[in-house]
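From first to last, the protein sequence lines are chains Y, H and W. Here the numbering used here runs 123 ahead of the position in the first sequence, where the first position is 1. Here the numbering used here runs 123 ahead of the position in the second sequence, where the first position is 1. Here the numbering used here runs 123 ahead of the position in the third sequence, where the first position is 1. So the structure is just underneath, and the comments pick up after that.
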Amino acid sequence: MIAHTLGEIAREIGASLEGLAERAVRGMAPLDTAGPGELCYAESPELVDKVRGTSAAGVIVGEDFPAIADCNLLRVKNPKVGFVRAMELFRVEERFSGVHVSAMVADDVQVADEAGVGPLAVLESGVCVGPRSQIRAGAFVGRGVKIGADCDIGPNVVLLDGTIVGDRCILHPGVVLGSDGYGFHWMGDHHHKIPQLGIVVIEDDVEIGANTCIDRATLGETRIGRGSKFDNLVHIAHNNQIGQHVLLTGQVGVAGSSRLGNGVVAGGQAGIADHVEIGDGVQIGAQSGVIGDLAAGEKVWGTPARPMGRVMREKVALGKVPDLLKAFRRQEKELQALRDRIASLEGGQPE
Amino acid sequence: MIAHTLGEIAREIGASLEGLAERAVRGMAPLDTAGPGELCYAESPELVDKVRGTSAAGVIVGEDFPAIADCNLLRVKNPKVGFVRAMELFRVEERFSGVHVSAMVADDVQVADEAGVGPLAVLESGVCVGPRSQIRAGAFVGRGVKIGADCDIGPNVVLLDGTIVGDRCILHPGVVLGSDGYGFHWMGDHHHKIPQLGIVVIEDDVEIGANTCIDRATLGETRIGRGSKFDNLVHIAHNNQIGQHVLLTGQVGVAGSSRLGNGVVAGGQAGIADHVEIGDGVQIGAQSGVIGDLAAGEKVWGTPARPMGRVMREKVALGKVPDLLKAFRRQEKELQALRDRIASLEGGQPE
Amino acid sequence: MIAHTLGEIAREIGASLEGLAERAVRGMAPLDTAGPGELCYAESPELVDKVRGTSAAGVIVGEDFPAIADCNLLRVKNPKVGFVRAMELFRVEERFSGVHVSAMVADDVQVADEAGVGPLAVLESGVCVGPRSQIRAGAFVGRGVKIGADCDIGPNVVLLDGTIVGDRCILHPGVVLGSDGYGFHWMGDHHHKIPQLGIVVIEDDVEIGANTCIDRATLGETRIGRGSKFDNLVHIAHNNQIGQHVLLTGQVGVAGSSRLGNGVVAGGQAGIADHVEIGDGVQIGAQSGVIGDLAAGEKVWGTPARPMGRVMREKVALGKVPDLLKAFRRQEKELQALRDRIASLEGGQPE
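Rendered as structure tokens:
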């Protein structure tokens, strides 16, 4: 349990405090549920009534928020950012230094100052671990893997031979980097394995969710750009080149040899085909199936993925098709009736 | 190999036996493939000919099943339930007590009576393991994790700090509970990580499939209700509140901060968006994409998920659109012909 | 770093060399990026200009490729196969023999000659490991598991009790074989677990991607046929019978008790329902949802999956529906106009 006072928190997050500096805060909570020992935030002045009714120890608010008597306000420029900064004060990070006696570490492994290798981790020959990085329990780090500074490699993560991880990367439990790409050549009676000789490179500030898998390249590198964030159970096939600050949410899959530009965002369970080129800033809706190139800035949805507006129009239109079919059959009958009436006017017999 | 006699099995499952009590049974099999040492079941009297032809040691049948000469019948109220009960007699559960010498267990860990901690498991400070629970080989149990009674925590499972697991829970290999939720705030030039300070709570009688991941809440709890069963490779994002007896089948994904009522069922690869409310008993078809709230009892399919009947009608209607397009073009020509005939009747020229 | 000469490589892959036999090769690269120490290949004579411009040490080409002065060509029947063969010369396989001192191996485990058991692996009672097979670090091998010859069982793989793995199988990190199938029987107030008494059988030459899960059968076997290749994060439920040489790409899911014939191919994120029968050679498009039987040789796409051509026609037709709806409304107005004109000709009043 961490306790701070409102005064300390205000100082740490750069807020001006209106209220009791000595008031103790035990934790953080959403505005709706915050109790007497908790700190919350109000995104806009519209929440003034909720703030008045809260029993929270304090509320982080923006500069345009009204003052409230008997309510401790921490005033900042951006309340959400202020709240995130305050949360950081309550984060407990378990860090350790040195190599646990039960870890299996090859003789030539280099573990930098203040880095830690947890119990039952395995570090094979040639591994380098940067300053302050944490290799958690049960992780496997294969031959020649390089891990930068300030990384957090979770329990039971597997980094296979030659993988390179930048600085400040977070790999959640069960992540696998560097498994063989899925490459086979049909030889008439069997699928012959194509050796996968490349590696995986993770640039700085990348976070990768639990049980996500990234395959090594056939030749060269599968590369994940700086600042990209992947959610759980994501699949990145071999040879992909993923740009910077890319967001791939839960269960997204990217088939091989594709290129994603900077700032691409893909919703949950979206799939991207192999050998496609996705421009900067493309937004891909959840469950979409991207099967071709996309220009920078496009927003797509559906399988195959096409411009969001067009897909919406088609989905609306599809909902009208059952009625359209009925109306069309009715119209055909009416047409026949008109034909008969015309024929009769023409002096002939109904058709 | 476990062997029972028909008499023993009948007694254990509460069946009345018509046949040889001493007949030995080595195992269980489906009716179609059961051999002389095996026990099977027939769900309805319509299977009487198959039962007559079987070489099985015995057949579990219902009360309305006809008697058959020379065939050992175990008569129960519900044959399927009787079969499941009999299967339980043949289940071999490997259980152990105490802490394996190779496990890494912090000094203050509490392991209850008859609980077992397998080889190379890691239990950090403050962990409690309830009576008879099994922590299998290579599992990682982080600081302050509480595990109830009679749980089975599979090999290489990862339970991160603060996770709470109820009684009689089964976590299959590779499950990850308590990894950080996927939360970032764009700061103009990078995605800033939002600390994830909450925990995961698993209520009693929950079963979670292999390599499934459940993220900790940003604040408060990600909670899985009593009796829920998740299949393999399911993704549960942060802050979700999952009700009781919920069934999520293989590869289902639930984005953050959603609420699923009791008895919700989702077919394989379905996805549920963030911040939605799913009522009790909702049924979600396989591969659906739920993007909004659903009232109790709804049955939906498709992306976006809508009422099953409507989606079916639309899918049928879509199949008729290619023909409709042709018919419509034909009709336009006919309309033109009628227009011409009318113009001619009116004494004018064809348009 | 492995170095070969062009002469050695030509001899190993059965190529006729036109050029410098002594030229050293340090590695392999695609034609576009190959540098002076690298070997590449050109699939067809159309690439002659690229080959002329390359600085690669040598190029593997077909028999119909033109000779090029000052360019080292290795001529083979099939350049792609030649390239794969050459890649095999550059693959470094880390192999070890014997049981690592930190592995936990039951007394009755049989480890064949030249087989290796890595650090912190766990092999329970009754396990057999075939000749030259490698059990990597942190793998868990449950009671009675049989592993054939020349297998590679990756780090942190989990093989649960009774699993059978054939010869020359490759299991990538985090694979789980033999977890309980997802089987429950609703008892009025809870889902009662149906014991899963069967096993998983993996035939020879199967490769399984990282974090893929295959469940044991309820009774009998879940079976994966010889030569099949699964990608990462694939889900195979209980009782499935998968044929030979089946390709399941990333994140495919197969629900229970289905049968896939030989040579079936499924694109990424495709799902196959339970209790369906898929004929030999069926091709299933990415993200498809197969909900019924498919005859041999069918090519399907979509959810529900139907013949590829029909789905394409429907998708094209759907794109025309918004315009069709507009045209239909226009036509209805015109029909009304015609009706009025006819009524007027008939001497009556407009309707």
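No residue lacks a Cβ here, since even glycine has one placed at the ideal position from N, Cα and C.
It is roughly 11 Å from the alpha-carbon of ALA165 (chain W) to the alpha-carbon of VAL199 (chain W). Cβ atoms of VAL240 (chain Y) and PRO296 (chain W) stay farther apart than 8 Å, at about 19 Å. Per DSSP, the beta bridge partners of THR345 (chain H) are H:VAL323. Counting only Cβ-Cβ distances below 9 Å, HIS308 (chain Y) has no contacts in chain H at all, with the closest Cβ about 28 Å away. Counting only the Cα atoms, ILE132 (chain Y) lies some 10 Å from ILE183 (chain Y). Counting along the chain, the unbroken alpha helix (DSSP H) around GLY432 (chain H) starts and ends at 431 to 468.
Between the beta-carbon of VAL413 (chain W) and that of VAL399 (chain W) there is about 6 Å, and that keeps the pair under the 8 Å contact cut. With contacts defined by Cβ atoms closer than 7 Å, GLY306 (chain W) and THR341 (chain W) form a contacting pair. Under the three-state reduction of DSSP output, LEU417 (chain W) falls in the strand class.
Short of 6 Å from the beta carbon of VAL387 (chain H), and not among the five residues preceding or following it, lie these beta carbons of its own chain, in chain order: VAL369, ILE401, VAL405.
Near chain W, meaning a CB-to-CB distance below 8 Å, the residues of the stretch 231 to 246 of chain Y are LEU243, VAL245. Per DSSP, GLY404 (chain W) is not a residue of any alpha helix (DSSP H), being assigned neither H nor E. Beta-bridge pairing by DSSP links ARG198 (chain W) to W:SER139, W:VAL184. DSSP places GLY301 (chain W) inside the beta strand (DSSP E), whose first and last residues are 299 to 302. If you look at VAL423 (chain Y), you'll find it in the beta strand (DSSP E) that goes 422 to 424.
Within chain H, VAL207, MET210, GLU211, PHE213, ARG214 have C-beta atoms less than 8 Å from the C-beta of PRO318 (chain W), given in sequence order. The alpha-carbon separation between SER139 (chain W) and ILE337 (chain Y) amounts to approximately 38 Å. THR177 (chain H) and HIS361 (chain W) have their C-alpha atoms roughly 24 Å apart.
Of all alpha-carbon atoms in W:GLY271, W:ILE136, W:GLN374, the one lying nearest the alpha-carbon of LEU212 (chain W) is that of W:ILE136. DSSP places ASP338 (chain W) in the uninterrupted beta strand (DSSP E) bounded by 336 to 338.
Judged by pairs of C-beta atoms under 8 Å, the stretch 322 to 330 of chain H does not touch the stretch 344 to 359 of chain Y, as fewer than three such pairs exist. Nearest C-alpha to GLU186 (chain H) among H:GLN257, H:ASN201, H:VAL222, H:VAL174: H:ASN201.
Counting of Cβ neighbours within 10 angstroms places GLN319 (chain H) among the buried residues, the total reaching 16 or more. For GLY176 (chain H), the uninterrupted alpha helix (DSSP H) run begins and ends at 171 to 176, by DSSP. Following the DSSP letters along the chain, one finds PHE307 (chain H) inside the beta strand (DSSP E) bounded by residues 307 to 309. Remark: fewer than three beta-carbon pairs, one from each stretch, lie closer than 8 Å, so the stretch 222 to 230 of chain H and the stretch 214 to 221 of chain W are not flagged as touching.
Around the CB of TRP309 (chain Y), fewer than 16 other CB atoms lie within 10 Å, so the residue is classed as exposed. Under the rule that a run must span 4 or more residues, the alpha helix (DSSP H) segments found entirely inside the stretch 198 to 243 of chain Y read 202 to 213. Going by DSSP, CYS163 (chain Y) is part of the beta strand (DSSP E) stretching over 161 to 164. Note on VAL288 (chain Y): 16 or more other CB atoms within 10 angstroms of its CB, so buried under the neighbour-count rule.
The beta carbon of GLU186 (chain H) does not come within 7 Å of any beta carbon belonging to chain Y, so the residue lies off that interface.
LEU294 (chain H) is not a Cβ neighbour of ILE347 (chain H), given a cutoff of 7 Å.
With 16 or more neighbouring CB atoms inside 10 Å of its own CB, THR286 (chain H) falls in the buried class. A straight line joining the alpha-carbon of VAL224 (chain Y) with that of VAL268 (chain Y) spans about 21 Å. In its chain, beyond the 5 residues on either side, LEU129, ASN195 have a beta carbon closer than 7 Å to the beta carbon of LEU143 (chain W). Look at GLY130 (chain H) here: in three-state DSSP terms it is helix.
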